[in-house]
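Accompanying notes for the structure given below.
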Amino acid sequence: MSKISIKCPLPGPICLTRRLWRRIAALCLPVLLAVGLLWQGLADPARLFSVPETVSLAGADSVELPADAAVSGIEQPFTAQYSWLSSVTVRPRIGENAGDDLWTVTLRKEDGTEVWQGQASLTGSHTGEVTIPMGASLQTGETYRLVFACPDAAQNLEAAVPAEGQTTLSLARAAQSAALRLDLVYGAADWVLFGLLAVGLLVSLAGLLLEWQDCPAAWQVLLRLGQGIVSGLWFLCAAELLNGDSALWKLPAIAVLVAFLLYAGLALVLRAVTGRTGLATGLTGAVLFVVGVANHFVLLFRGTPFTFIDILSAGTGMRVAGGYRFTIQPVLLLGVVFLLFGLCTPALRLEPRLPRTRRNRWLLRLGCLAAGAAVLAGVCRRDTFQAAGLAPSGRSAVDYAEAAGAVTSFAGSGVFSFPAQPDGYSPEALEALAEAYPSDQATAISEDAPNVLLILSESFTDFEALGDLRTDQTVLPFWQEFTQREDVHSGTLVMSTLGGGTVYSEFQVLTGITTAFDYPSSPYTQCLDRTVASLPAQAAQLGYTTAAVHPAEGVNYNRVGALPWLGFDTCVFREDLTLAPEDTTRGFMRDSALFRQVTGMLEETDDPMFLFCITMQNHGGYTNADYESPVQLLWPEGCDEAEQYLGLVHESDAALAELIGALEELDEPTLVIFFGDHQPELGSDFSQAVLDESDPFAQYTTPYLIWANYPLEEDQLPENGSRIGIAALNPLVARAAGFPLTGWQKFLLEFYTQTPVMAQMGGTNAAGEYLTMEQLKQQPLADEYQILQYAMLFAEEQETGLWRLAEG
Numbered sequence: 003m004s005k006i007s008i009k010c011p012l013p014g015p016i017c018l019t020r021r022l023w024r025r026i027a028a029l030c031l032p033v034l035l036a037v038g039l040l041w042q043g044l045a046d047p048a049r050l051f052s053v054p055e056t057v058s059l060a061g062a063d064s065v066e067l068p069a070d071a072a073v074s075g076i077e078q079p080f081t082a083q084y085s086w087l088s089s090v091t092v093r094p095r096i097g098e099n100a101g102d103d104l105w106t107v108t109l110r111k112e113d114g115t116e117v118w119q120g121q122a123s124l125t126g127s128h129t130g131e132v133t134i135p136m137g138a139s140l141q142t143g144e145t146y147r148l149v150f151a152c153p154d155a156a157q158n159l160e161a162a163v164p165a166e167g168q169t170t171l172s173l174a175r176a177a178q179s180a181a182l183r184l185d186l187v188y189g190a191a192d193w194v195l196f197g198l199l200a201v202g203l204l205v206s207l208a209g210l211l212l213e214w215q216d217c218p219a220a221w222q223v224l225l226r227l228g229q230g231i232v233s234g235l236w237f238l239c240a241a242e243l244l245n246g247d248s249a250l251w252k253l254p255a256i257a258v259l260v261a262f263l264l265y266a267g268l269a270l271v272l273r274a275v276t277g278r279t280g281l282a283t284g285l286t287g288a289v290l291f292v293v294g295v296a297n298h299f300v301l302l303f304r305g306t307p308f309t310f311i312d313i314l315s316a317g318t319g320m321r322v323a324g325g326y327r328f329t330i331q332p333v334l335l336l337g338v339v340f341l342l343f344g345l346c347t348p349a350l351r352l353e354p355r356l357p358r359t360r361r362n363r364w365l366l367r368l369g370c371l372a373a374g375a376a377v378l379a380g381v382c383r384r385d386t387f388q389a390a391g392l393a394p395s396g397r398s399a400v401d402y403a404e405a406a407g408a409v410t411s412f413a414g415s416g417v418f419s420f421p422a423q424p425d426g427y428s429p430e431a432l433e434a435l436a437e438a439y440p441s442d443q444a445t446a447i448s449e450d451a452p453n454v455l456l457i458l459s460e461s462f463t464d465f466e467a468l469g470d471l472r473t474d475q476t477v478l479p480f481w482q483e484f485t486q487r488e489d490v491h492s493g494t495l496v497m498s499t500l501g502g503g504t505v506y507s508e509f510q511v512l513t514g515i516t517t518a519f520d521y522p523s524s525p526y527t528q529c530l531d532r533t534v535a536s537l538p539a540q541a542a543q544l545g546y547t548t549a550a551v552h553p554a555e556g557v558n559y560n561r562v563g564a565l566p567w568l569g570f571d572t573c574v575f576r577e578d579l580t581l582a583p584e585d586t587t588r589g590f591m592r593d594s595a596l597f598r599q600v601t602g603m604l605e606e607t608d609d610p611m612f613l614f615c616i617t618m619q620n621h622g623g624y625t626n627a628d629y630e631s632p633v634q635l636l637w638p639e640g641c642d643e644a645e646q647y648l649g650l651v652h653e654s655d656a657a658l659a660e661l662i663g664a665l666e667e668l669d670e671p672t673l674v675i676f677f678g679d680h681q682p683e684l685g686s687d688f689s690q691a692v693l694d695e696s697d698p699f700a701q702y703t704t705p706y707l708i709w710a711n712y713p714l715e716e717d718q719l720p721e722n723g724s725r726i727g728i729a730a731l732n733p734l735v736a737r738a739a740g741f742p743l744t745g746w747q748k749f750l751l752e753f754y755t756q757t758p759v760m761a762q763m764g765g766t767n768a769a770g771e772y773l774t775m776e777q778l779k780q781q782p783l784a785d786e787y788q789i790l791q792y793a794m795l796f797a798e799e800q801e802t803g804l805w806r807l808a809e810g
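Taken in order, the sequence shown gives residues 3 to 810; the numbers are from this note's numbering.
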C-alpha cells in the first residue's frame with residue numbers, strides 16, 4: 003500500500019504516515035489535552051479561566067491616615083488589567099471587638115461614577131478572608147477605586163495616632179491593625195496558555211501524521227534545527243508550568259534564553275552519546291521534566307524549590323518522603339501534555355536521511371560533543387549568571403525560582419554551590435586577622451565545668467508570638483511561662499531556610515559560618531574532609547567528651563562521615579537506638595523519648611560533656627491520618643496541616659518541660675541552649691493569615707533560649723528578646739559556657755554586634771534597620787567575614803591561631 007502524497011511548494015512532497023503507532027498517538031493526544039484542560043478547569047478554574055492580582059491597601063501594608071481624624075472609609079485604587087472583575091477577596095486584620103456591622107463595598111471610577119455596590123461583613127471576620135462576588139465590567143487601563151465603609155463610620159471607623167510609625171484604626175472603640183490585603187480576580191482566560199496548547203497540538207499532529215519525502219539536504223538541516231527549537235520550547239514549558247504559579251511566557255527573556263541554552267547544550271551532548279537526534283532531544287526533555295516534577299513536589303512539601311543540593315541529598319529526601327502525602331494535581335497532566343508536544347515534534351521524520359559514512363558519523367558526534375560542552379561551559383559560569391542578573395545572591399530560594407524559572411534557578415543553584423575565592427583573600431590577610439583577633443589560651447577544665455546541651459528542635463517555632471491565630475488552648479504553655487523567668491534568656495533567630503534544610507542551621511551554629519555569603523550547597527558532602535573549627539572541636543580541646551544524637555539515619559546528609567570532622571567523639575543515630583512503639587509518632591522518635599536518652603547520657607558520663615541533640619518529632623509531612631492533634635486550630639480555618647503541626651509542637655513543649663525538670667534535679671551543672679532550626683511549611687493560606695507580611699523575616703524566625711541549672715553571669719548572655727542571625731549563636735554558646743574564645747569567635751562577636759542579623763534574604767544593622775544583601779556586603783568587616791569562612795573550609799594552609807585555642 004503506497005503513501006498518500008500531497009504536493010507542496012517547499013522542499014518536497016508531504017506524505018501521510020503509514021505507521022499505526024503514530025496514528026494512535028495522533029488520536030490520543032487531543033483526548034489527553036481535553037481531559038487535562040477539563041480536569042484543571044474543574045479543580046482550579048482560576049488557573050485557566052481567571053487572572054489573580056494581589057494589591058495592598060494604598061500600595062503598602064497599612065493605611066495612611068491623618069492622626070485623630072475621622073474618615074468615611076478605606077479606599078484602594080487600582081488599574082484594571084482586564085475587562086471583567088469576577089470577585090475581590092479581602093484578608094482583613096481587624097479586631098473581633100469591632101462587631102459584625104455590614105460594610106458597604108463600592109467600586110467607582112476616578113470621576114466618582116459608581117460601577118458596582120454591595121455589602122460584606124468584614125469587621126467580625128476571623129476566617130482569614132472574605133470573598134465578595136462582583137461581576138463588574140471594567141475598561142482595561144482605567145483607574146478604579148474600591149471603597150470599604152461602615153454604615154456609621156464616625157463610630158466604627160476612626161483614625162488613631164500611629165504607634166511607633168505603624169498606622170492603626172479604632173474600630174468600635176478598639177484600636178486594631180488596619181492591614182487589608184486585596185486579591186482581585188479578573189474573569190479572563192489565560193489566552194497565552196490556550197494559544198500555546200493549540201499551536202502545540204497542531205505541530206505535534208503534523209509531526210505524527212506527516213513525513214517529508216525526497217527532501218533536499220539543506221532543507222533537512224533547517225527542518226531538523228526547527229524541530230529542535232520547537233521541541234525545546236515545549237519541554238521548557240512543561241517544566242515551568244509546574245513551578246508554582248509561574249510559566250515560561252511570564253519569565254524575563256534572559257532567563258528563557260539561559261534555560262534554552264542549557265537545553266541545547268545538554269541535547270548536543272546526548273546527541274553525541276546516542277547518535278540519534280530524536281532520542282537525544284527526547285531524553286533532554288525527559289530530564290527537564292523530571293526537574294520540573296521534582297520542583298513541583300518539593301515546593302508542595304517544603305515550600306522551597308528544587309535545588310542542586312537536593313540531588314546530593316537525594317537519599318535523605320527519599321528516606322523522609324514517607325511522611326508526606328503525594329497527590330497528583332491537575333497541573334501535572336498539563337505538564338505531561340506539553341512534554342508530549344515536545345516528544346512528538348521530532349517525529350516529523352525526514353526521508354531520506356543524509357547519507358553519512360562511518361567517519362562522518364563520528365566526526366558529527368565529536369562536533370556535537372564539542373559544541374554541547376562549549377555551550378554548557380559558557381552558560382554554567384558565575385560571571386554568566388551575574389552578567390544576566392540571574393545570580394541567587396541576596397534572594398530567598400523561592401524569590402529566585404520565581405524570577406529565574408525552575409530550570410535556570412536549578413542550574414544557578416549548582417553553579418553557585420562551590421564558593422569562589424573572595425576578593426582580598428591571601429595568606430597575608432589571614433595572618434593580619436590572626437594578629438587582630440588572637441585566640442585565648444586553652445585552660446584545663448575544672449571539676450565543676452558545666453555540661454553543655456545544645457538542642458536543635460526540628461521545625462520548632464512559636465506562632466502565637468509571631469502572629470495572630472486562635473486555638474482551644476495555649477500551644478506552648480511551658481515555653482511562654484519558662485521564658486519569663488529571670489534565669490532564662492530568650493530571643494529569636496533568623497534562619498536562611500523554610501520548611502527544610504536542617505543541615506544548614508546546624509552547620510551555622512556549630513561553625514559560625516553564614517549562608518548569606520558564598521556557601522557550599524551541601525557542606526557535609528562537599529567540603530568536610532578535614533577537621534573544621536567548631537564548638538565541639540573547641541570543647542574537645544578543653545577536655546570535654548563530645549557526642550551528637552540524632553534519631554534519623556546517619557547517612558542523611560552524610561552526617562555519619564561529617565560529624566567526626568566537626569569534633570564529635572561519639573555519634574548516635576536511629577540505627578543505634580532501640581525504640582518501643584510508644585517512643586514514636588508518625589514514624590519519628592518522640593521528643594520525650596529522645597530527651598530521656600539525652601538525660602541518661604549526661605548522667606552516665608563522668609567528664610563534662612558537650613552534647614548536641616537534633617530532634618525529629620516535628621518533621622514535615624503533617625498529613626498523617628492516624629495522628630490526633632491535642633490542639634484544635636480555630637482560626638484560620640481549614641488549615642489541617644497547621645493544626646497537626648501545632649499538636650506536635652505542643653507535645654514538644656511538654657517534653658521540654660520534662661527535660662528541664664530532670665536537669666533541675668541533676669547534681670551536675672548543665673547549660674541548655676534550645677532553638678528551632680526553621681519554620682514548617684504549612685501553606686500560603688496559613689502564613690498569609692497569621693504572619694506579619696511587613697516583616698521580611700516573618701517566615702524565617704524561630705525562638706531560642708539559654709538556661710542553666712546554676713547561676714549564669716549576665717555579661718555572658720545576649721540581651722533578652724534580641725533578634726540575631728543563626729550563625730551569631732556560635733560565639734554566644736561558647737561565651738555562655740565559659741569557654742575561652744578562639745580568634746574566629748572574637749571576630750564573630752564584633753561583627754554581630756554591628757550587624758546582628760545576617761541571612762540570605764537580608765539583615766539588620768545595630769539600630770535594627772533592614773539591610774539588603776548588597777547593603778550587608780558593605781557593612782564593616784563583611785569582607786573579612788567572607789575571607790575567614792572561605793579559608794576555614796578551603797584554604798590549604800590555615801592560620802591555626804584563628805581557629806584553635808592557644809596551647810598553654
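Think of the CB as a built atom: it goes at the ideal place given N, C-alpha and C, for glycine as much as any other residue.
These numbers come from a predicted model, not from an experiment.
Item	Value
Q788 - containing alpha helix (DSSP H), residue span	A784 to F796
First through last residue of the alpha helix (DSSP H) which encompasses A549	Premise fails: A549 lies in the beta strand (DSSP E), T547 to V551, not in any alpha helix (DSSP H).
Minimum length 3: unbroken beta strand (DSSP E) runs contained in the segment 216–292	none
Check whether T145 and E112 have beta carbons under 8 Å apart	yes
contact_flag[the segment 447–464, the segment 601–611] where n(CB pairs < 8 Å) is 3 or more	yes
Residue environment, F150, which counts as buried when at least 16 other CB atoms sit within 10 Å	buried
K748 (DSSP reduced to helix, strand or coil)	helix
Whole-Å CB distance - L661 paired with T672, under 8 Å assumed	Actually they are not in contact, since the Cβ atoms of L661 and T672 sit about 10 Å apart, beyond 8 Å.
Closest by C-alpha distance to W251, when choosing among L264, W236 and E430	W236
Proximity winner among A373, E653 and A797, relative to S459 (alpha-carbon distances)	E653
Enclosing beta strand (DSSP E) for F676 [first to last residue]	T672 to G678
Within 8 Å, strictly: CB atoms of M497 and A784	no
Proximity to G501 [Cα-Cα], best of F308, G284 and L212	F308
Beta-ladder partner(s) of W805, from DSSP	BP columns for W805 are empty, so no partner.
Start-end ranges of the alpha helix (DSSP H) lying completely within the segment 706–787, minimum 4 residues	731–738, 745–756 and 775–778
Min CB distance P307 to chain C below 8 Å	Included in the structure is just one protein chain, with no chain C present.
Which of helix, strand or coil DSSP assigns to Y146	strand
Residues bridged to V557 [DSSP beta-bridge criterion]	In the DSSP output, where bridge partners are listed per residue, V557 has none listed.
Distance, A736 Cα to D669 Cα	22 Å
Presumed contact (8 Å Cβ cut-off) between Q121 and T106, rounded CB distance	6 Å
Closest by C-alpha distance to C573, when choosing among E584, R588 and V551	V551
Closest by C-alpha distance to G337, when choosing among V37, T587 and I675	V37
G143 vs A82 beta-carbon contact at 8 Å	yes
Sheet register partners of F612 (DSSP bridge)	V454 and T548
Bridge partner(s) assigned by DSSP for G493	Y706
Extent of the continuous alpha helix (DSSP H) to which G416 belongs	A408 to V417
Contact set for L636: own chain, Cβ-Cβ below 7 Å, skip 5 residues either direction	R472, T473 and D474
Contact the segment 591–601 vs the segment 559–569: 3+ CB pairs below 8 Å	no
The segment 733–747 in contact with the segment 424–434 per 3-pair CB rule at 8 Å	no
Where I726 falls, given that 16 or more other Cβ within 10 Å makes a residue buried	buried
Distance between G770 and L173 (C-alpha atoms, nearest Å)	Legend: pLDDT at L173 = 38, less than 50; position of this residue unreliable, no value from coordinates given.
With 16 other Cβ atoms within 10 Å as the buried cut-off, status of L352	Confidence at L352 is low in this model, with a pLDDT of 45, below 50, so the placement of that residue is unreliable and no value is reported for it.
Per-residue burial, P429 [other beta carbons within 10 Å of its own, 16 or more giving buried]	exposed
Residue closest to E508, alpha-carbon to alpha-carbon, out of P135, D679 and L658	D679
Bridge-paired residues (DSSP) for E116	R110
Selected residue, minimal CA-CA separation from P632, among L368, S85, V534 and T476	T476
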